[in-house]
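Numbering-wise, this note's numbering puts 928 at position 29 of the sequence shown, and it's gapless, one number per residue.
First the structure, in the form of structure tokens, and then the observations on it.
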Amino acid sequence: MIKFVGAGSGAADLITLRGKELLEKADIIVYAGSLVNPQLLNYKKENCMVYNSAIMTLEEVIHVMEDGFEKGLEVVRLHTGDPCIYGAIREQMDILDEKGIPYDYCPGVSSFCGAASALNLEYTLPDVSQSVIITRMAGRTPVPDRESIRSFAVHKATMVIFLSTGLINELSKELVTGGYDENTPAAIVYKATWDDEKSFVCTVGTLAETASKNNITKTALLIIGDVVSHTNYRRSDLYNPNFTTEFREAKREG
900 MIKFVGAGSG AADLITLRGK ELLEKADIIV YAGSLVNPQL LNYKKENCMV
950 YNSAIMTLEE VIHVMEDGFE KGLEVVRLHT GDPCIYGAIR EQMDILDEKG
1000 IPYDYCPGVS SFCGAASALN LEYTLPDVSQ SVIITRMAGR TPVPDRESIR
1050 SFAVHKATMV IFLSTGLINE LSKELVTGGY DENTPAAIVY KATWDDEKSF
1100 VCTVGTLAET ASKNNITKTA LLIIGDVVSH TNYRRSDLYN PNFTTEFREA
1150 KREG
């Protein structure tokens, strides 16, 4: 069976226990070398064969997995973060389905979670935002028109933007045109949870200036919304003594 494994957001010890165990047992690891922390390869056994998918085509990746399966070897396909987000795993799974090769999928910690930890953020603050939009700018890879940054900005919800640091000037304009004020809090998190992680709090209007000043050109997430400033939110009802839950009765005054 082919094992798709989420590598986690960056730090080698943020892979799941299951993911680490699968790496330790693998005879073959095909990993996304442009994004996955190479320290994760320290978990492999001595005779494990390693392939860097950054320099491979889809067909070459499939060939390695198919060959390993036919030889009865344990094959791990190691993706960055959690591969359900911009991981290009569905196309691999579809080909494996066609070939009758079984597989399963071990989730990982997404970089959008790692970015929140870098800033000690909660994306869903009561009375501020209860929704998180995960998206990207259209670039060499297009985005459906109905999912433009401008159309999402209308909601003024928390927005986490992947793969868009190189288009940050255009991004800022789209956010403002869509509805965010230029003074809306924003943040840039470079290589969340890696040893060289950097984070910067700014505004929608100063995103490009902040990125340029700090030489951030790629491998960063952009976070947009009032949750970045974590002010003017209401305490949660869950732990409010005056709120009844399934497990606790509200306390009566007096």
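Using N, Cα and C, we set each Cβ at its ideal position, and we do this for glycine too.
(message) Is the beta carbon of Tyr-1002 closer than 9 Å to that of Lys-924?
(response) Residue mapping note: residue 924 aligns to position 25 of the sequence shown, counting from 1. Residue mapping note: residue 1002 aligns to position 103 of the sequence shown, counting from 1. With a cutoff of 9 Å on beta-carbon distance, Lys-924 and Tyr-1002 are scored as not near each other.
(request) Use the C-beta contact count for Tyr-950: other C-beta atoms within 10 angstroms, 16 or more gives buried, fewer gives exposed. (result) Taking the first residue of the sequence shown as 1, we reach residue 950 at position 51. By the 10 Å Cβ count, Tyr-950 comes out buried.
(message) Please report the straight-line C-alpha distance between Leu-995 and Ser-952, rounded to a whole angstrom.
(response) Stepping through the sequence shown from its first residue, residue 995 is reached at position 96. Stepping through the sequence shown from its first residue, residue 952 is reached at position 53. So the alpha carbons of these two residues sit roughly 17 Å apart.
(request) Assuming Gly-1007 contacts Gly-967 (C-beta within less than 8 Å), just tell me the rounded distance between them. (result) Position 108 of the sequence shown, counted from the start, is the residue given in the question as residue 1007. Position 68 of the sequence shown, counted from the start, is the residue given in the question as residue 967. Not a contact, Cβ separation roughly 21 Å.
(message) Just list the residues that DSSP pairs Ser-1047 with in beta bridges.
(response) Numbered from 1 along the sequence shown, position 148 holds the residue referred to as residue 1047. According to DSSP, Ser-1047 bridges with nothing at all.
(message) Judging by CA-CA distance, which residue of Ser-1047, Asn-941, Thr-1064 is the nearest neighbour of Glu-1073?
(response) For the purposes of this step, residue 1073 is identified with residue 174 of the sequence shown, where counting begins at 1. Glu-1073 has its Cα closest to that of Ser-1047, out of Ser-1047, Asn-941, Thr-1064.
(message) What does the alpha-carbon distance come out to for the pair Asp-993 and Gly-999?
(response) As a working mapping, residue 993 is identified with position 94 in the sequence shown. As a working mapping, residue 999 is identified with position 100 in the sequence shown. In this model, Asp-993 and Gly-999 are separated by some 10 Å (Cα to Cα).
(request) Could you check how far apart the C-beta atoms of Ala-1056 and Gly-1124 are, in whole angstroms? I think they sit under 8 Å. (result) In the sequence shown, residue 1056 corresponds to position 157, counting from 1. In the sequence shown, residue 1124 corresponds to position 225, counting from 1. Right, their Cβ atoms sit about 7 Å apart.
(request) Over the uninterrupted beta strand (DSSP E) stretch that includes Cys-1005, give me the two end residues. (result) Here residue 1005 is taken as the residue at index 106 of the sequence shown, counted from 1. Annotation: the continuous beta strand (DSSP E) that includes Cys-1005 extends over 1002 to 1005.
(request) Output the distance between the C-alpha atoms of Asp-1095 and Asn-1082, rounded to the nearest integer angstrom. (result) Position 196 of the sequence shown, counting from 1, holds the residue named residue 1095. Position 183 of the sequence shown, counting from 1, holds the residue named residue 1082. Take the alpha-carbon of Asp-1095 and the one of Asn-1082: they are about 28 Å apart.
(request) Quick one: grab the DSSP three-state call for His-962. (result) Working through the sequence shown from its first residue, we reach residue 962 at position 63. Per DSSP, reduced to three states, the secondary structure at His-962 is helical.
(request) Please list, in chain order, all residues of the same chain as Leu-1018 whose beta carbon is under 8 Å from its beta carbon, the five residues on each side excluded. (result) In the sequence shown, counting from the first residue as 1, residue 1018 sits at position 119. Counting only Cβ-Cβ distances below 8 Å, and skipping sequence neighbours, we find Ala-1086, Val-1088, Ser-1098, Val-1100, Ile-1122, Val-1127.
(request) To the nearest angstrom, report how far apart Val-929 and Tyr-942 are at their CA atoms. (result) As a working note, residue 929 is residue 30 in the sequence shown. As a working note, residue 942 is residue 43 in the sequence shown. Approximately 14 Å, taken between the alpha carbons.
(message) So within the segment 1025 to 1073, which uninterrupted beta strand (DSSP E) runs reach at least 3 residues, ignoring any that extend past its ends?
(response) Counting whole runs of 3 or more residues, the segment 1025 to 1073 contains the beta strand (DSSP E) stretches 1031 to 1035, 1057 to 1061.
(request) Using the DSSP secondary-structure output, state which residues sit across from Phe-1099 in a beta bridge. (result) As a position in the sequence shown, residue 1099 is number 200, starting the count at 1. Phe-1099 is bridged by DSSP to Ile-1087.
(request) Enumerate in chain order the residues of its own chain whose CB-to-CB distance from Thr-1076 is below 7 Å, with the five nearest sequence positions on each side excluded. (result) Position 177 of the sequence shown holds residue 1076. Hits under 7 Å: Arg-1049.
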